[in-house]
Each structure stands twice: as C-alpha cells, then as structure tokens.
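Structure record follows, encoded as structure tokens.
Protein chains: 2
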Amino acid sequence: MLVTAVIIFIVGIALLFTAISKAATHPNLVIDSNDVVEMRKAIAQPGQFQQTYLNSKASVDAQIAQDITVPLPKDGGGGYTHERHKKNYKLMLDAGIIYQLSQDEKYAQYVRDMLFVYAELYPTLPLHPKRKVGKQNPGKLFWQSLNEAVWLVHTSQAYDLILPSLTADEKNTIEQGLFHPIVKFLSVESPDTFNKVHNHGTWTTAAVGMTGYVLGELEWVEQALYGLDKSGKGGFLKQLDELFSPQGYYNEGPYYQRYALMPFVTFAKAIENNQPERKIFEYRNGIVLNAIDTTIQLSYNELFFPINDAIKDKGIDTIELVIGVTMAYGLTGDSGFLDIAKQQGQIILTGDGLKVAQALDNNLATPYQFDSVAFGDGNNGKQGALVVMRQDVQGEQALLFKPAAQGLGHGHFDKLTWQFYDKGEEIVSDYGAARFLNVEAKFGGRYLPENKTWAKQTVAHNTVVVDESSHFNGNVKVGNKNHPELLFFAKNDNVVISSAQIDSAYEGVNLKRTMALINLPTSDKSTAEQPIVVDVFNVQSNNSHQYDLPVHYKGHLISTNFDLNTQLTQLPVLGKANGYQHLWLKAKAQPKNGLSQITWLNENGRFYTHSSLMDGDSSILFTQIGANDPLFNLRNENAFITRKTNAKNHTFVNLLEPHGEFNPSKEFTVDAVSKVQALAHTKVNDIDVIEISLVNNTHYMLAFNSANNATTNKFSHNGSNYKFNGRFKLFEIKK
Amino acid sequence: MLVTAVIIFIVGIALLFTAISKAATHPNLVIDSNDVVEMRKAIAQPGQFQQTYLNSKASVDAQIAQDITVPLPKDGGGGYTHERHKKNYKLMLDAGIIYQLSQDEKYAQYVRDMLFVYAELYPTLPLHPKRKVGKQNPGKLFWQSLNEAVWLVHTSQAYDLILPSLTADEKNTIEQGLFHPIVKFLSVESPDTFNKVHNHGTWTTAAVGMTGYVLGELEWVEQALYGLDKSGKGGFLKQLDELFSPQGYYNEGPYYQRYALMPFVTFAKAIENNQPERKIFEYRNGIVLNAIDTTIQLSYNELFFPINDAIKDKGIDTIELVIGVTMAYGLTGDSGFLDIAKQQGQIILTGDGLKVAQALDNNLATPYQFDSVAFGDGNNGKQGALVVMRQDVQGEQALLFKPAAQGLGHGHFDKLTWQFYDKGEEIVSDYGAARFLNVEAKFGGRYLPENKTWAKQTVAHNTVVVDESSHFNGNVKVGNKNHPELLFFAKNDNVVISSAQIDSAYEGVNLKRTMALINLPTSDKSTAEQPIVVDVFNVQSNNSHQYDLPVHYKGHLISTNFDLNTQLTQLPVLGKANGYQHLWLKAKAQPKNGLSQITWLNENGRFYTHSSLMDGDSSILFTQIGANDPLFNLRNENAFITRKTNAKNHTFVNLLEPHGEFNPSKEFTVDAVSKVQALAHTKVNDIDVIEISLVNNTHYMLAFNSANNATTNKFSHNGSNYKFNGRFKLFEIKK
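Residue numbers (the working numbering), protein chains in the order written: chain A, 38 to 772; chain B, 38 to 772.
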C-alpha cells in the first residue's frame, strides 16, 4: 500500500511541477524517479544489479544497526573523526538508495536522524582545529574545505533520495541547520576556492550547485555555474573550459585526471536531470564525455600511465572512473564502455548502473578501442601534447611519449620522456611518485622527501639531462610557463610517429626527439615478430655540455655486446645532486664505434634489446637507485645511461626491439638474441634517414621530416633516390 | 567400413590372446583398446576432450604436411638435431593417438615411415659426437643416453598405437632395425646406467620395459623390473624402493621429483595394463600414487617449493605432473585431483585423460586438500624430513621447514632453513637455482657459476651460518652422508609445530631449531588477524663462534624500531667467500636489549613484521645480493642478518607476523604497525617457554618440549604453574 502511495506521490509531483522546476521532483539529482521505477523492477530479478543491491543492503543494514556517530571534528586526514565523517556521507548516500529501492522507511529515518545531528552540530562549529593555515583552505567538519565539498556532493544526493519521506518541519530543520550554513561557508565565505579554476574549485561548485538543485535554490546553481558574481569568469563552466584540453586531457595527467573527473561527471549528470535545456553534455563538443574517454585511453593493462606524481597501482577500477564509465554508457549506449565496466567489476546503484548491469548480464560488451592519439595539452590543446602510440601484435604494445606541459605542482621535470609497455608489463618505465600512500611509517604516508630529490628530477626519466641538472633547473614556476612544441603526430597502417622539441628546458640548448612505433611489414615473421621502437634524440647547443640519456628498464640484464667494467667489491655513488646522488654506479662501458646492444629479460617472459648507434666516444653507465637513501624509501630499480661529454650537437639514435620467449615452466627459450645487425643515421637537409639492418639480409629505412609537412620530400641515400609525401615513410630496401 | 573393420580386428585380437599375453593386444601400453572405444565416442561430442583432440589433430596435420626429417645426430642439448629428434618422438606419439582416434591410416603411415627411417639409421650410428666423456653416459641419437631413453619411452608408445596397421614385414623391419638395437644399447650395452638406482636409471628401465611389452619380449620386462641379472638389486622395483621415502618424497626435492615422476607413472601404467597381476599400484603401499600426491603437496599457489637447485617458475602445470594427476584420477576417482587438473588446464589424450575431461565438463572438481605434513626423507623416511605447515585464514599461509637430507648433487647447504608464503606470494624466500634455463647468453643456459658461489651456500638461505662458512664446508659428499634429525612434528587445531637438530653441519656445533605456525585462538581479530610464525633457533658449542641468521625477505622495507646506520655514498661488500662475497652491506644496526622489529611490505599488499628478542650485543646487517657479479647474473634481492659474535651458546628467538593491508588502488592502508609488544624466552629444564605479548593486553605462551614426548610436562612461569601433555601447548594468559 505504502509502496503504491509513494510512487503515486512521486509521479504526481513530477506531473505538477515539471514545467516550473525540475528540482521539485525527488529524487532527481543523479538518480531520477524513472530510474527508481526501473531499479525497483530490477532488484526483483536475478542478475548483477540485484546482487549489488543485496550486497549494499547487507552492508548498510550492518552499519545502521550501530548507533549514529557524528563526532566533534578533531583529527586531520586519516584520523578517526576525519574517517568517521567520510564513512557517514557514504553511509547516508547508500542508505538513501536502499530506501528508494526497498521503500523501507527505516533507511530514510536513519539518514534523516543523522542529518538532524549534523544540523544541530554544524552551526556551532568553528574552523577545524587541524587546519593548516596558509597551506590549504580550512573546513569545519574536515581539516580542509576540499573534504567538506566532497562530503556535500554525497550528502546532497542522500538528502535528495529521502526528501519524499520528510515532513515540512523536518526539511526546515535540516536545510536551515545544515545545508544553508554549509553552502554559505563553501561559497560566499570562501570566494577564493569557489571561484578558483582548479579541481578543488570543481568539488566546491559541484557541491553548491547540486545542493541548489535539491533545495530548489536556483541562485546557488547559477553561482556554481558562473562564479559567485555570475560573470562566468569562475564557476563550473569556466572550469570545463580551462581544466581540460579540447580532447579531454587534464593537465596534471591521468592519475589526477580520474580524481578531478568525479565532480565533473556527477554535477553534469545533475544539471542534465534538472535543466536538460542547458545541454551540458554537448558543452564544448562534449567535453565531459571526452574527459571520461581520455582517462580510459591513458591506461595500459588496466593501470593509468604513471606520469608525474602518480601512484602506480591506480587504474581504471578506481571508483571515480567506475562512475564516469557508467554515466558514459548511460548517455551513449556505446558497448565499448561495457568492456571497461566489465574489467572494473563494480556496479553502481543508479539508473545508468542498471543499464550497465543489464547489458553485462546480456553479454553485450564489445572490445574497447584503444587508439594512437596525440592528446593536446593546455586549455587550447596547443601547449605540447601527451602522445600515445599503440600496436597490437601478440600482446599489445604501447608507447607513451611526453612532450606535454609541466602539469602544475605535481608535474615532473621530464620533457620528451617516454615509457614503453608490452605483453602486460612495463618495459621502459617511469618511477611515478615516491610515496607510500597512507603508510604512517613512511613520512606519514605523504609524498616522501625523495619525491622531490629523485622522482621529479630529470634523471629519473627517460630523457636527456644536460650537465647533470634538471629541466628548468627544477623550478616549477618556470616549468609551468614553458612547454614543448609538438612538431607532428602521424600514422599509417604500420607506423605511428611523433616529433617534438623544447628550447626552454635548458638555456641555450634545444632538445628535439622523434619517436616511432613500427610494425615492420615483413612477411617473414622470423625476422621481426614484434613491433619496434625507433628513437632519434637530437640535442643542439652553441656551447659544450654533457648529455646523459637514461633508459630505466624493467627486467634482468641478460647480455651486452660490449665489455662491462663492473664494480665488484665497492659501489660508488654517481653524482651529487638533482637525482644523481641517489644512483649507485654498478658498471661502466665504452662501446666501440657502431652498434651497441643491451638485452634484458622482463618478467613477462619476453626479451628486449636496446640497440644504439655509438660514436666510440660515448660511454654507458649502469646504475641502480638506492644511494643516499637512509630509510630505504626508494625502490632499487635499474637503468643504463648513455653519456656524451664535451659536445655541442649530438644525436642519440636508438632502437628497442621486443623478441623471443623465456619459458622456464615449459623449459624452452627461443630468440633470446636480437635480430638487429646494424643501424645508420644520416641527415639529408630536413630529412632524417634511419637505416635498420636485420638478420636474413632484411633492410628498412625510416625517413621523416620534422621541419615541415612537405608535399614532396626527395633524398638520395647510398646511391639511390627516394621520395615521399608528408612527414614520413618507411621503405623496405632490397640489397 | 574401414572403421568397423579396425574395431573388429582389435576386439578379435583381444578375445583371442588375452589369456596368453596381454601384450598381444594393441594398443595396450598406456592407452588400451577399451580406452580407444570410449575416446572415439568422446571426440564426437562437444567438450574439453573433443577440443583437445581437434587442437592436437590440427597441430599434427600441420607437421605431417612437412617432409619427414631425421637428421644425422650432430648437436648437443638445445641444438638443431637434438631438438629435431625430440620433436620427432612427440610427433610420432601424437600422430599415433590421432590415428587411433580418427582411424585415418595416413597418421599410422606417417609414423611407420618415420620409424623406417630410424630403423635404417639407427644400426649405423656410432656414439654421439657431442658426448661428454666421463661426465654423462653417451647416447647415439642424443649426446646422453638419458635423452635416448626418454625418446624410447615415447616412441614405444607410438609404435604400440600403430601396430594394428602394420604388416608382418613392416613390423620386422622396424623391430629388428630400431627397437632391438636401441634396447640392446640401453640395457646390456649400458649396464651401469640400467642398473643404477637413480632417475636416469628409471628412464632407461621404463624405456626397455615398455618396449618389451609392445614387442612381447617379456625377458626385457623382467630385466627392467629386476635389473639385468634379474636379481632385484637393480631395476624399476628397486628404484621404487629406494628413490622415494615411504611418504613418496623424492630426495632431491619437488623440482626434480616432478621430473623423476614421469617414467615412474608411465611405466607403472604400462605394467598395470599388461600384467595387472603384479598389482604395481599397490606396491610399497601405493608408492607411485603417494609420489604423485606428494609432488602436489609440495607446491604453493601452483608453484613448487623451490628448495635445492630449482627453477622457481616451475609448477604443477608441468607436463610430468599433468600426466601424473591424470593417471591418479583415473586410478582413484578422487575429485580433489580434478581441482589440480583444472588449474593445470591441459587434457591428455588417453583413457584417463578422457575421464578427467568429462569430470571437469561436469564440474565434479572439489577443492584439493593441502595438509600440514612432515615428509620423511630417505628411502626409510628417517633421514630427516621436509616439513610443510599450513594455515588457511584470509589467504593461505604455508611454512616450509627443511631439516631434510642433502639431496645429492643438486642439494643446497641449507639445513634447518625455512621459507614462508602468504596470500599467494613468497614472504621469506629461497633463491632457488642461479640459472637462466636455456638462455645461451647466460653461461650457455646451464647452471651459472654463481649457483655454486651463491645459491648453494648457507648464507643464501634462512638458517644459521657459523663463522661465515657453509654447512659441511660446502662438501656434497659429506652432506650426503649426514642429515638432520627430526625431533618431532605435531599439530592441533591452532598450532603446527616441528623441531629438528643437526650436529654434523659444523664440527663441534649443534644446531637445533623449532618452528611453529600458529593461528592464535583469539576472538578479537583486531589483535592478531593472521597466523604467526614462532622460530626458536638454539646453537650450542664448546668453543666461541660467530653465528649469523639471515632472513631473505621479499618486499620493500617499511620501518625498523631501531636506528639504521645506512651506507649513503659507498657500498662495501660483506665478506670474502662462501656467498658473503656476493652481498653488499647496505646498513648496520645494533638494537637495544629487548624487542627489535623490522617491517616490510610485500607486493601482495600485506605487511610483515619480524620481531626478535635481542641481547643488546648482537647486530643486524641489511644486505643486497649483487657484489662480485661481473655479468649481472644474480637477482638483487634483500636480506637482514642477525649476527652474534664470540658466543658459545646462543638462542635466536623470532616471530613473524603478517598484518594489515596496503591498498594504493583504493587508497587505504590499515594496520601497518605490528601488534607484538614484547617477546620473552625462558628455558625450564627441557621446556622452552615463549611468551608473546600483543596489543590490547593480550598474552600467549607457547611451551614445547623438544627433548621428549612426555606424558606430563610441568613448569612454573612468572609465579604460576602450568602443565601439558606431549610435545607442546599454547596457553592464553590473562593478566
């Protein structure tokens, strides 16, 4: 009886007020009343949605059997009161959903009662005792206002879900005691954060705007969208304009992108439900959807590419992206998103979540398409780019090339660096952030001191270090003001190639790198069974410098085609500063003029050979991280560094080749030896020509023009004439 | 038509000759004619068996489309002719099976034609040109006779499968040209290998005996079973008596056990099919089945415990154990074996393989039961033991304690060492063998020089090293003549405990260790959520020595409760010889009297704290493998070594405690800090008393008597009186 009554009530409200204000129908924030009807049907039928509902209900039941606990704010991040208030918002939201689905009043009452406590407490609260003056904006429930906004994004949804169960008096108590004061605190009383074009600002505008919809305070919505003064200089739409590039890339990189994503998608959904006439999902050519999709594209084997300050274990199953993908599927019905949802393995109890669950139950997922893309950086997409190259031959290869901008305070000094992935694993790696998240014994779980002294430094990356100093001399402000220039990005069936340069990383030195991921078009797969990487790094200066090019490799060193002078009984440290003080020097070598090769074995069972064209003068240093690390904070990873000293101009020419298989379980090893027999590099006017000779008398030539996109490029090489249009061509040479 | 004819032919033969000689029915060696009838039915129906058949047939079809290639023997192991002859035996066996199942004569003809080539070649062959005189017994097709025997074990089966298709002339050609000469070569012409009680001998006797069954040469079978002189001093039965302990443990450890297993199970199956009256599977209380089961028991998370010279990637999916488990299920119908077969993921095309496939298709697998067992070592089971302890709380724990015998030439000098596994990963580890199997660039793929200089040495293990020298001074012969004594092994619902000693590893020094894996019976799981390890290592001597006890840990060092004196800018080597020359000394510490604690984080996301009772005089050395390693052959793994110098008697008291969770993906960390607050050890007459104090005022006391199995043990401790019967008791103390 009650059930019917509630439905009629909801439908009745909807019919009456829809023309006046969508917000008068509840729930209508992220879940709307149509969703509720469908979800109620779904929980009666076996499937993933029902299972998720039952699990969530069981969890909520266990929690609401306990007393309501709303402690006086006392602890900072990770502490008891901090964690308790976080648990409370999650519990209120979950209980609100269970109320709507089960139609059992006890869940609504629990949320109501907890909100009563908050409504009594909140007006009495001073700024949080653990606030960090001058470092972060203070909250009242939490040490920083960021957490307060996150709390409100969730709690406004919980309130929306239980509103139909409340009397006018109850609403008044909660809204006057809690929502009005907290919105006031986060908006007019914190104008800097509110108007800031930054992800902290997004959480705040989302929180205020969402609460505005629920309470029917459309003025709050306007402020959330256009800034406190409604001028459009701040607010959610400005944040959508500024924080993402046109392709949906977020300046700080994917680790922070997925975090920033959540208020964008949640508030956008609320806008769509309440004011569809704003067409928020069409805003800026669908920037919200682009941002979700780009976050997925910036992953490999379910983990995000760990550029900048990134925790390397973070991947696509993060809750922010679960919500994003769920919403993206709900909006588009694109079955590729289901592939990601399947890997995420989590269903959300929303209308979109129901669509995902039912589609997965019906096996509708199709493979998500990972592409080769240059994601323009900066709000205009022209402040460099983050370039992803992919090939998919016997286990997907991915190459990340990073002529991207600095990426604010969490950015690393790693202009033009690269990472390489194959057969599920890191092959040429990036350290990520030096941090043991939330492990108290490791510097309180915060970024370690070594994040600055090692992880951010240039030598911790796979790019050129000039004179043992870091890009921009390690100055973030200078880094943020400068960025590399993407010269080109191009691809055809066999080749993905990109070139970029920067002349501001070091004064008087121009760095220019071209990288290509090439699936050699040979019919003889015994010659080159896997795609290869070609890497041409040109450094130019009017003065003499030392140029170091590290390769941080993952695996066990198998062999070198030159003699190693290995430190046997004593390990010295490589340098004094800028990250060099953290490197043990394990061995040195000075390969002869010509082809030098280093082979390692990754734990994926495949061999990798890095071939370089050497001038007989450069040396190679084999290093391990770990010096000047009194508390064992760093991982002891390995690298080799090609060092050219006293040079003005120098070009590093390298080729990375995956090959063979080491299978100790089945006791066989094949192709443990590189197929590369020679490398050559010549420059004919603007054209770089890289000749690659493999076994079986197989020869290729990659020619590219990084100076301009010419209609016709002509050049002679070894007595033959060649030509190509555009940026590049791969030639197969018969000898 | 042809189909029917063949079946009638087989059945006819079976009816006529069964009373005279089972061997006259073909096939009857590993697959018999009843199997064939069932298998032919099965390949017509969808399921794993059909799928395996189709895959195998496709593979055979591709291979027999090529010319028959039987090269003149020329290369050693890994070389072309070596690998080709290996491929040939596998191809002949597979084609023989496809012939029986498809009843397509072309498969039989292919095998016949290849056998013709071998029959023509074999009598002309001298000893192999790459034989290693004095090092291994030479073959003719292969560099060593071991490979020749393996070849014959397979080829005799192939011949058995195609026999029904051959004319009398064809049989005569093949048997006189090939099987008679090769049997002669492997038996009467190689009496030493044939009679040797060693796994090489097992391959040889199996090969000769199986060929005897196929050719109806029962004299060969008798020789295979009882030795050339049929006295029983050599031969297969003697090997079954000597090579396994009564519990089915093979002296060299599981890595070699699974290899040795294959001829045992294959020949035993052939004996059962041809002479069931021998009741071979009942021999020595079912030693063949015990050996298969013990091989499974000696694994963790699908990989074998890597004691002695073991390749650590080797696990239960090894083909030898696939065959063993298949046969074991066929014999016993025990659905626990199906659990293992499912993890192996390979179906064998035999009668037993069909049973496994059908049972798996019908989801009949039940969880295989891993137990806590002391596997007696040596043929009488009394030469020490290999002890496995298991608990299963939130992810299975396994502790391997090794008071086992030396294990011949592949044994390590690691008496009383231990390994610990939790949540799928190695926590306290063993290096295994120093070898990159078949990787030519790494010392030809053979055991590396570092296998001897590092991996076999005592310091490479988790046991006491006296005066920086290895057990038995690293002398294998002395090691083989001596073994530890298992003092006891006992268990109850919460505790598995074992004690052992050895006084021959070092002259004048007695080593005695007691290890327990304890699931603390607390109702308060916040106090100790995981089982803990207690380790009491007592060393006694009349003279002063230096005692080192290493713990080779897997993970990242998180914290110590004492100050570290870390080498910051220069790493020295720890010692000069016996493995110490391979250790970098990264840090030193001298903890105060009392509780010292070292916490690390494993990649399984769990923390591990090693608590020790320190005397204020001992030091702790933190090391990394890698010194004196010019070619980067060693893995750079970490250890800490507790060092007590100038001591006669010393007892190391340690506790290992898994705790908490580090979840960077979901961004939470819980219980990163140990719950252990104090340790105490007292000895009351024969009774060791270990007191363990945890947080929340929780106290336990483990008392054990390693001297004798007393009816009543009484002792006083802290003013209270306690008693227990037998070997041990765990007391919960209220304070």
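The beta carbon of each residue, even a glycine, is placed where N, CA and C say it ideally should be.
For residue i, is the classification buried or exposed, using 16 other Cβ atoms within 10 angstroms of its Cβ as the cut-off for buried?
{"i": "B:Leu53", "result": "Any answer about B:Leu53 is weak, because its pLDDT of 37 lies below 50 and its placement is not dependable; what the coordinates show is given next. Looking at its Cβ environment, which holds fewer than 16 other Cβ atoms inside 10 Å, B:Leu53 is exposed."}
{"i": "B:Lys169", "result": "exposed"}
{"i": "B:Val465", "result": "buried"}
{"i": "B:Leu91", "result": "exposed"}
{"i": "B:Val707", "result": "exposed"}
{"i": "A:Gln88", "result": "exposed"}
{"i": "A:Val225", "result": "exposed"}
{"i": "A:Gly204", "result": "The sequence given here has Thr at residue 204 of chain A, not Gly. With fewer than 16 Cβ atoms within 10 Å of its Cβ, A:Thr204 is classed as exposed."}
{"i": "B:Ser711", "result": "buried"}
{"i": "B:Ser753", "result": "exposed"}
{"i": "A:Pro486", "result": "exposed"}
Closer than 6 Å by C-beta to residue i: which residues in its own chain qualify, once you throw out the five before and the five after it? Chain order, please.
{"i": "A:Gln541", "result": "Correcting the residue type first, residue 541 of chain A is Ser in the shown sequence and not Gln. Excluding sequence neighbours, A:Ser541 sits near Asn519."}
{"i": "B:Gly367", "result": "Asp389 and Lys392"}
Run down chain B in chain order and give the residues with a C-beta less than 9 Å from the C-beta of residue i.
{"i": "A:Gly361", "result": "Within chain B, no residue comes near A:Gly361; the closest Cβ sits about 16 Å away, beyond 9 Å."}
{"i": "A:Leu601", "result": "Pro667, Leu668 and Phe669"}
{"i": "A:Arg672", "result": "His593"}
Using a cut-off of 9 Å between C-beta atoms, extract the partners of residue i located in chain A.
{"i": "B:Lys351", "result": "Pro701, Ser702 and Glu704"}
{"i": "B:Thr636", "result": "Ala478"}
{"i": "B:Asp708", "result": "Ordered by position in chain A, no residue passes the 9 Å Cβ test against B:Asp708, which lies about 11 Å from the chain."}
{"i": "B:Ala664", "result": "Gln604, Leu605, Thr606, Gln607 and Leu608"}
Leaving aside the five residues before and after residue i along the sequence, list all residues of the same chain whose C-beta is less than 7 Å from its C-beta, in chain order.
{"i": "A:Gln538", "result": "Pro521, Glu522, Leu524, Asn547, Leu548 and Lys549"}
{"i": "B:Leu474", "result": "Ile348 and Gly482"}
{"i": "B:Ala624", "result": "Leu601, Asn602, Thr603, Gln604 and Phe659"}
Please return the same chain residues whose Cβ sits closer than 8 Å to the Cβ of residue i, not counting the five positions on each side in sequence.
{"i": "A:Gln381", "result": "Ile353, Asp354, Leu358, Val359 and Val362"}
{"i": "A:His589", "result": "Val465, Ser466, Asp467, Tyr468, Ala497, His498, Asn499, Glu674, Asn675 and Ala676"}
{"i": "B:Phe509", "result": "Gln443, Phe450, Val515, Gly516, Asn519, Ser541 and Ala542"}
{"i": "A:Gly415", "result": "Ser282, Asn288, Gly421, Ala442 and His520"}
For residue i, return the contacting residues in chain A, with the cut-off set at a CB-CB distance below 7 Å.
{"i": "B:Leu35", "result": "The structure shown has nothing for residue 35 of chain B, since chain B only spans 38 to 772."}
Name the chain B residues that come within less than 7 Å of residue i, Cβ to Cβ?
{"i": "A:Ala347", "result": "Ordered by position in chain B, no residue passes the 7 Å Cβ test against A:Ala347, which lies about 10 Å from the chain."}
Output, in chain order, the set of chain A residues within a Cβ distance shorter than 8 Å of residue i.
{"i": "B:Asp354", "result": "Ser702"}
*Spell out a yes or no on whether the stretch 580-595 of chain A and the stretch 623-637 of chain A are touching, meaning 3 or more CB-CB pairs, one atom from each, closer than 8 Å.*
yes
*Interface positions of the stretch 468-487 of chain B facing chain A (Cβ-Cβ less than 8 Å), listed along the chain*: Phe473, Leu474, Asn475, Val476, Glu477, Ala478, Lys479 and Gly482
*So, do the stretch 479-486 of chain B and the stretch 605-614 of chain B have three or more beta carbon pairs nearer to each other than 8 Å?*
no
*Would you list, in chain order, the members of the stretch 600-622 of chain A that have their beta-carbon closer than 7 Å to a beta-carbon of chain B?*
Leu601, Thr603, Leu605, Thr606, Gln607, Leu608, Pro609, Val610 and Trp621
*Three CB pairs or more closer than 8 Å across the stretch 668-679 of chain B and the stretch 719-733 of chain B*: no
*asked:* Taking contact to mean 3 or more Cβ pairs, one atom from each stretch, closer than 8 Å, check whether the stretch 410-428 of chain B and the stretch 81-99 of chain B are in contact.
replied: no
*Do the stretch 234-244 of chain B and the stretch 294-307 of chain B meet, that is, are 3 or more Cβ pairs less than 8 Å apart?*
yes
*Interface positions of the stretch 676-688 of chain A facing chain B (Cβ-Cβ less than 7 Å), listed along the chain*: Of all residues in the stretch 676-688 of chain A, none has a C-beta nearer than 7 Å to a C-beta of chain B.
*Touching by the beta-carbon criterion (3+ pairs, under 8 Å), the stretch 325-345 of chain B and the stretch 259-271 of chain B*: Taking a cut-off of 8 Å on C-beta distances, the stretch 325-345 of chain B does not touch the stretch 259-271 of chain B, as fewer than three cross pairs fall below it.
*the stretch 187-212 of chain A: positions lying closer than 8 Å to chain B by Cβ*: none
*For the stretch 128-138 of chain B against the stretch 194-207 of chain B, are there 3 or more C-beta pairs whose distance is under 8 Å?*
yes
*Does the stretch 111-122 of chain A come within contact of the stretch 169-183 of chain A, defined as at least 3 CB pairs closer than 8 Å?*
Contact holds: three or more Cβ-Cβ distances are below 8 Å.
*Any chance the stretch 572-580 of chain B sits against the stretch 681-698 of chain B, with 3 or more Cβ pairs inside 8 Å?*
yes
_Under 8 Å: do the stretch 203-218 of chain B and the stretch 257-266 of chain B share three or more Cβ pairs, one atom per stretch?_
no
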